[in-house]
Amino acid sequence: MTQPQPSAPSDVRPAEQTLVILKPDAVRRALIGEILRRIEAKGYTLVAAELRSPDRAVLAQHYAEHEGKPFYEPLLDFMSSVPVLVAVVAGQRVVEGIRALAGPTDPTTAPPGSIRGDLGRDWGGRVTENLVHGSDSPASAAREIGLWFPAL
Ligand code: IDP
Ligand code: MG
1260 MTQPQPSAPS DVRPAEQTLV ILKPDAVRRA LIGEILRRIE AKGYTLVAAE LRSPDRAVLA
1320 QHYAEHEGKP FYEPLLDFMS SVPVLVAVVA GQRVVEGIRA LAGPTDPTTA PPGSIRGDLG
1380 RDWGGRVTEN LVHGSDSPAS AAREIGLWFP AL
């Protein structure tokens, strides 16, 4: 009887990478382990992870698309309030996979089962605290990984 042959590496689509940030509320609430557990349980791979106290300049570049919005300055203040866990995560279609795991921006209405839906809520502040950042497209992922991990 013939055994099934293992797939040749050429049968596997190349892995994609995305930038994930566990934001100050995740760090403060000691949810780093729980959030990384969900990412690993989904099957994605950590390529890099580091606790960082980012410069305001890095945060300004990271959130450049939001410059001028009412929550922009509070967002930068919030993101520099406590060290954040910045990570590069890899896997096929990981950009959309991490966005799905995180759930939509508003934690009050984010579906149960998602990180924001299960673990987040409205705390009444000027910034929506929603625990986790994930790049919103492969192009954003490449830009953000280049910003946070220029050596990768
Ligand atoms: P995303 O993190 O789901 O991609 P974005 O629209 O890119 O959401 O916004 C970046 C971050 O800015 C959000 O995750 C949240 O922390 C904050 N934010 C977005 N919209 C608002 C708002 O209307 N009020 C307060 N904070 C906001
Ligand atoms: Mg975004």
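Count the sequence shown with my numbering and you get residues 1260 to 1411, in order.
Where a beta carbon is used, it is the ideal one built from N, C-alpha and C, also for glycine.
Sequence-distant residues of the same chain with beta carbon closer than 7 angstroms to residue i, five excluded per side
i: Ser1394; result: Thr1277, Leu1278, Val1354, Ala1400 and Glu1403
i: Arg1287; result: Val1341
i: Trp1382; result: Glu1388
6 angstroms Cβ shell around residue i - same chain, five flanking residues per side excluded
i: Leu1306; result: Per the sequence shown, residue 1306 should be read as Val rather than Leu. The answer, listed in chain order, is Val1347 and Ala1349.
i: Gln1320; result: Leu1406
i: Leu1310; result: Pro1342 and Leu1344
Residue nearest to residue i in terms of C-alpha spacing, selected from the options
i: Leu1406; options: Pro1366, Pro1313, Gly1379 and Thr1364; result: Pro1313
i: Gly1379; options: Leu1411, Ile1294 and Pro1273; result: Ile1294
i: Ala1359; options: Ala1319, Ile1298 and Leu1335; result: Ile1298
i: Asp1377; options: Gly1362, Pro1397, Gly1356 and Gly1383; result: Gly1362
i: Ala1300; options: Trp1382, Gly1356 and Leu1335; result: Gly1356
i: Leu1335; options: Val1386, Arg1272 and Ser1396; result: Val1386
i: Phe1330; options: Asp1270, Ala1274, Gly1384 and Ala1410; result: Gly1384
i: Glu1275; options: Arg1296, Ala1398, Pro1333 and Ala1316; result: Ala1398
According to DSSP, residues forming a beta bridge with residue i
i: His1429; result: Here the chain has residues from 1260 to 1411 only, and residue 1429 is not among them.
i: Glu1326; result: The partner list for Glu1326 (beta bridge, DSSP) is empty, contrary to what the question assumes.
i: Ala1346; result: Val1279 and Ala1308
i: Pro1371; result: Ser1373
Neighbourhood of residue i by C-beta distance below 8 angstroms, restricted to the same chain and skipping five residues each side
i: Lys1282; result: Phe1337, Met1338, Val1343, Glu1388, Asn1389, Leu1390, Val1391 and His1392
Range covered by the alpha helix (DSSP H) that runs through residue i
i: Ile1400; result: Reading the sequence as shown, one finds Ala at residue 1400 and not Ile. Pro1397 to Trp1407 is the extent of the alpha helix (DSSP H) around Ala1400.
i: Gly1356; result: Val1353 to Ala1361
Continuous beta strand (DSSP E) stretch holding residue i: start and end
i: Arg1311; result: Thr1304 to Arg1311
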